[in-house]
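*Asks:* Dropping the structure in here first, questions after.
Residue numbers (the working numbering), protein chains in the order written: chain E, 1 to 454; chain G, 455 to 908.
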């Protein structure tokens, strides 16, 4: 039903990756009392106690997303996410939502390329009920054509609202489709319109039967609760769901070696200020060699994270040629993901000037590296973001859920601060050299359409 | 792409239904629903020696301090012909203060592990700081400088102004933006609420550093100041900090009075544009926040379109017919105008059908009001939602502390509120439905063929 948060973030990737990253990498180390265990049926459980308010965040994460879809059937992961609200044998459609609403709770769900998650925020007394409902729909979903058809229309409207009414979103979608030549990250999470129209009840149920099972899921409970309570409740609810068949390895088609730079241009009469984004395929935290993702992360921060970054200071402040400029790294992904830079001109400067200036800054970092002072500041921002992150129970639940669902372990999260501390200026320069000095990239241009009269 | 002040916006009015988010450029939604207090959220009223009052929630779980404050008098205080002044000003507080220039100030903020943000609403300037407990003295020292001795140097003025102008330019061919501007004019006439708070390129061009200094000295004073603090700080320390932070500000603000305005309803604004969807916004009569019938109206609205997945509008428009992805309604309250607003976006071919469904749902509510069962469910939602919506993080609690003071609801409001909600009868809610929903609304339609009528 849901407003797909992860999905939105993906669309806004270039703008938001840096911010999202700070949020989701900000973790552990500090004595945070995080507990993890596994049920006999393979369900992994994470408990993050936080007793400041009488609230719990209950999330179930399935290790399946749009990149696990069959070619030609894009959008099924997200469509199924919508259909998961349509009731089970035990509970009619709308019953779960009504129960949540009546106690003042929040609920939603979201789909990304690598995972699908469902959550409720409620008072601690309601946790057993949430777990019972959520465990019930893990295997008990009932779908009729009567509910599937209007929901497909809802998703079609969602695609129109999110993508087709926004020139920027359309461009980003096609930049992704061009950047990834073989890997399914090239398909939009919401699906292509012509393929969404073909989705139906059978396809949804087949996808559900294949991927929704305790041994393909992670339960995260954060808030006013103790690990032992969660364990007892989880065994009573989720523990009764039989283990599903072993799932195949999540091996997706890999990117070939890329040799070309490509451009994707969208002209639209609604655009008046031109802008550009450029993306490279780079390793994610999951696919990188040890230390490399941390270096890319810090590179994104130093090159283009916020108002003290090189791109902002040089293009926006010193040269005065850009209205905006920055960089972002999609750190959380099962497979190789992307690193992006973006910018838009201001005043008399044109887009080409901005593009050249971005290229100059990248070349400068690749040649001369970063200063110790820049590195220290970026590192400190990352490290203190871990403390700020502990201020939000739902934020912490999302950090753990998204990282575990993309193939990391709790130990990786615990080790992250030390790995960030270990990154040297040399490592950052090497990351820039290895990935951004490459000419295999995609540049997306969003341009005014001067020919069309409104 | 956005100017930094938009990114740094830190205080937002909570939206309980995301579907109405886009209407907020015109209307402020009602302050977050507040429900039963939690024992641990004990609010202390702290009064400094210098006579500055703040509300404090002391909490040492996470070693951070969150501070929010508000100066009554926002963009409505922009002088005629200088529209956008307040918004521009809020982009300049980290661009140099006291002896520190822009660069020195930003580096010092970073060293103090502080995040600082300012934003201009129509009725108030809001500000925030979040910092680690151990660096709080340095961080607050910088905030004090920003508040009391901002430099307003010419170079940052020119740069931030150019970024805002670039943002205005970037949206200048966007039909949604054009529609919002047209709708504001139609609904508010020549009241300041009809103005664009970011101004226009023409009005921004006239702004000088003297204008900024004058506005700053008019608006930043002690008698229009509201403060909320949450985190690792005790009352005695806070008292001293309050005098240090705000003690040098003038005692009295110098605000021009702004008239109350009755939004002009019973009219339709149509913007014809070949978009893939038609976006619909409706504004009905509203109710003042301090009206004794506010809660009957709030509960009635919750049944109509306030619930995320459970309202009548959600059921009829989305669930039964699949006409839209998002649909909702909300009470909008600002200092000088109130309205009940609704919004959705739908397939252009079905816009007329959607509008018919909405008006039918509204008409039925106006005639009969909510049922007993619906009213009970809405009460339980509003009672239970408090902790989740208002206590989920230090920043959320600090926002609540500021909001309660802004609405003059009193230190005991959270204790009184459940009784106010429980006392509402079905007849009272039905009377509010009649009162607010019987008249013809103001309607905004943006989409293909919108000018051809419904």
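Here a beta-carbon is modelled for each residue, glycine too, at the ideal position from N, C-alpha and C.
With H, G and I counted as helix, E and B as strand and the rest as coil, what does DSSP make of residue 786 of chain G?
*Replies:* Residue 786 of chain G: strand per DSSP, three-state reduction.
*Asks:* Just the chain E side, please: which residues come within less than 9 Å of residue 801 of chain G by C-beta, in chain order?
*Replies:* Within chain E, the residues near residue 801 of chain G are 153, 156, 157 and 160.
*Asks:* Roughly how many whole angstroms lie between the Cα atoms of residue 335 of chain E and residue 69 of chain E?
*Replies:* Rounded to whole angstroms, residue 335 of chain E to residue 69 of chain E spans 15 Å at the Cα level.
*Asks:* Any chance you could list the alpha helix (DSSP H) runs of at least 4 consecutive residues sitting entirely within the segment 189–226 of chain E, in chain order?
*Replies:* If we require 4 residues or more, the alpha helix (DSSP H) runs fully inside the segment 189–226 of chain E come out as 193–196 and 201–211.
*Asks:* Got a sec: is the Cβ-Cβ distance from residue 902 of chain G to anything in chain E below 8 Å?
*Replies:* Cβ-Cβ to chain E under 8 Å: no for residue 902 of chain G.
*Asks:* Could you tell me whether the Cβ atoms of residue 328 of chain E and residue 337 of chain E are closer together than 8 Å?
*Replies:* Cβ distance not < 8 Å, so residue 328 of chain E and residue 337 of chain E don't count as in contact.
*Asks:* I'd like the span of the alpha helix (DSSP H) that includes residue 754 of chain G, first residue to last.
*Replies:* Run containing residue 754 of chain G: 748–755, per the alpha helix (DSSP H) assignment.
*Asks:* Please decide whether residue 55 of chain E counts as near chain G, where near means a Cβ-Cβ distance under 8 Å.
*Replies:* At least one chain G Cβ lies under 8 Å of residue 55 of chain E.
*Asks:* With a 10 Å radius around its C-beta and 16 neighbouring C-beta atoms as the bar for buried, classify residue 477 of chain G as buried or exposed.
*Replies:* Low confidence applies here, because residue 477 of chain G scores a pLDDT of 38, under 50, leaving its location unreliable and the question unanswered by this model.
*Asks:* Do you know offhand how far residue 498 of chain G's Cα is from residue 591 of chain G's?
*Replies:* The straight-line gap from Cα to Cα measures roughly 21 Å.
*Asks:* Is the beta carbon of residue 124 of chain E closer than 8 Å to that of residue 272 of chain E?
*Replies:* Not a contact, by the Cβ cut-off of 8 Å.
*Asks:* Of all the options E:176, E:369 and E:277, which has the alpha carbon lying nearest to the alpha carbon of residue 354 of chain E?
*Replies:* Per the Cα distances, E:277.
*Asks:* Reducing DSSP to helix, strand and coil, say where residue 888 of chain G ends up.
*Replies:* DSSP places residue 888 of chain G in helix when its eight states are reduced to three.
*Asks:* Given that residue 189 of chain E touches chain G, what residues does it touch there, using C-beta distances under 9 Å?
*Replies:* Under the 9 Å cutoff, chain G gives no residues; its nearest Cβ is about 15 Å from residue 189 of chain E.
*Asks:* Quick one: is residue 466 of chain E near chain G, going by C-beta distance under 8 Å?
*Replies:* Given a span of 1 to 454 for chain E in the structure shown, any question on residue 466 of chain E remains unanswerable.
*Asks:* Which residue marks the beginning of the alpha helix (DSSP H) containing residue 508 of chain G, and which one marks its end?
*Replies:* First-last for residue 508 of chain G: 507–512, but that is the beta strand (DSSP E), not the alpha helix (DSSP H).
*Asks:* Here's a check: name, in chain order, each residue in its chain whose Cβ is nearer than 8 Å to the Cβ of residue 151 of chain E, leaving out the five neighbours to either side.
*Replies:* Around residue 151 of chain E: 79, 82, 83 and 86.
*Asks:* What residue does the alpha helix (DSSP H) around residue 853 of chain G start on, and which one ends it?
*Replies:* Residues 848–860.
*Asks:* What does residue 391 of chain E touch in chain G if you count any residue whose Cβ is under 7 Å from its own?
*Replies:* What residue 391 of chain E touches in chain G: 516, 518, 847 and 848.
*Asks:* Could you tell me whether the Cβ of residue 106 of chain E comes closer than 8 Å to any Cβ of chain G?
*Replies:* Yes, contact with chain G.
*Asks:* Tell me, to the nearest whole angstrom, how far the beta carbon of residue 211 of chain E is from that of residue 62 of chain E; I am working on the premise that it is less than 8 Å.
*Replies:* Contact holds; Cβ gap of about 6 Å.
*Asks:* Just to confirm, are residue 370 of chain E and residue 221 of chain E a CB contact at a threshold of 8 Å?
*Replies:* Cβ atoms of residue 370 of chain E and residue 221 of chain E: not closer than 8 Å.
*Asks:* Taking only beta-carbon positions, decide if residue 218 of chain E is within less than 8 Å of chain G.
*Replies:* No, residue 218 of chain E does not count as interfacial toward chain G.
*Asks:* On the three-state DSSP scale, how would you describe residue 604 of chain G?
*Replies:* Strand.
*Asks:* Less than 8 Å between the CB atoms is what I'm expecting for residue 217 of chain E and residue 43 of chain E, so what's the real figure, rounded?
*Replies:* Confirmed, Cβ separation roughly 6 Å.
*Asks:* I'd like to know if residue 763 of chain G contacts chain E, where contact means its C-beta is closer than 8 Å to some C-beta of that chain.
*Replies:* Yes, its Cβ sits closer than 8 Å to a Cβ of chain E.
*Asks:* Round the Cβ separation of residue 175 of chain E and residue 444 of chain E to the nearest angstrom and send it over; I've been treating them as touching at under 8 Å.
*Replies:* Sure, about 4 Å apart at Cβ, within 8 Å.
*Asks:* Using 8 Å as the limit for Cβ to Cβ distance, is residue 629 of chain G near chain E?
*Replies:* Yes, contact with chain E.
*Asks:* Using a Cβ-Cβ distance cut-off of 8 Å, determine whether residue 444 of chain E contacts chain G.
*Replies:* Closer than 8 Å: no.
*Asks:* Does the beta carbon of residue 29 of chain E sit closer than 8 Å to a beta carbon anywhere in chain G?
*Replies:* Confidence at residue 29 of chain E is low in this model, with a pLDDT of 30, below 50, so the placement of that residue should be treated as unreliable; the coordinate-derived value is given next. No, its Cβ sits nowhere closer than 8 Å to a Cβ of chain G.
*Asks:* Could you tell me which chain G residues have their CB closer than 8 Å to the CB of residue 102 of chain E, listed as they occur along the chain?
*Replies:* Within 8 Å Cβ-Cβ: 831, 834, 835 and 838.
*Asks:* Can you name, in chain order, every residue of its own chain whose Cβ lies under 7 Å from the Cβ of residue 610 of chain G, other than the five neighbours on each side?
*Replies:* So the list reads 546, 549, 550 and 556, once near-sequence residues are dropped.
*Asks:* Return the residue from the list G:536, G:872 and G:801 that minimises the CA-CA distance to residue 903 of chain G.
*Replies:* Of the candidates G:536, G:872 and G:801, the one whose C-alpha sits nearest the C-alpha of residue 903 of chain G is G:801.
*Asks:* From the DSSP output, in three-state form, read off residue 104 of chain E for me.
*Replies:* Correct three-state label for residue 104 of chain E: coil.
*Asks:* With a threshold of 8 Å between beta carbons, is residue 124 of chain E in contact with chain G?
*Replies:* Not one chain G Cβ lies under 8 Å of residue 124 of chain E.
*Asks:* In chain G, which residues lie less than 9 Å from residue 394 of chain E when you measure between Cβ atoms?
*Replies:* What residue 394 of chain E touches in chain G: 846 and 847.
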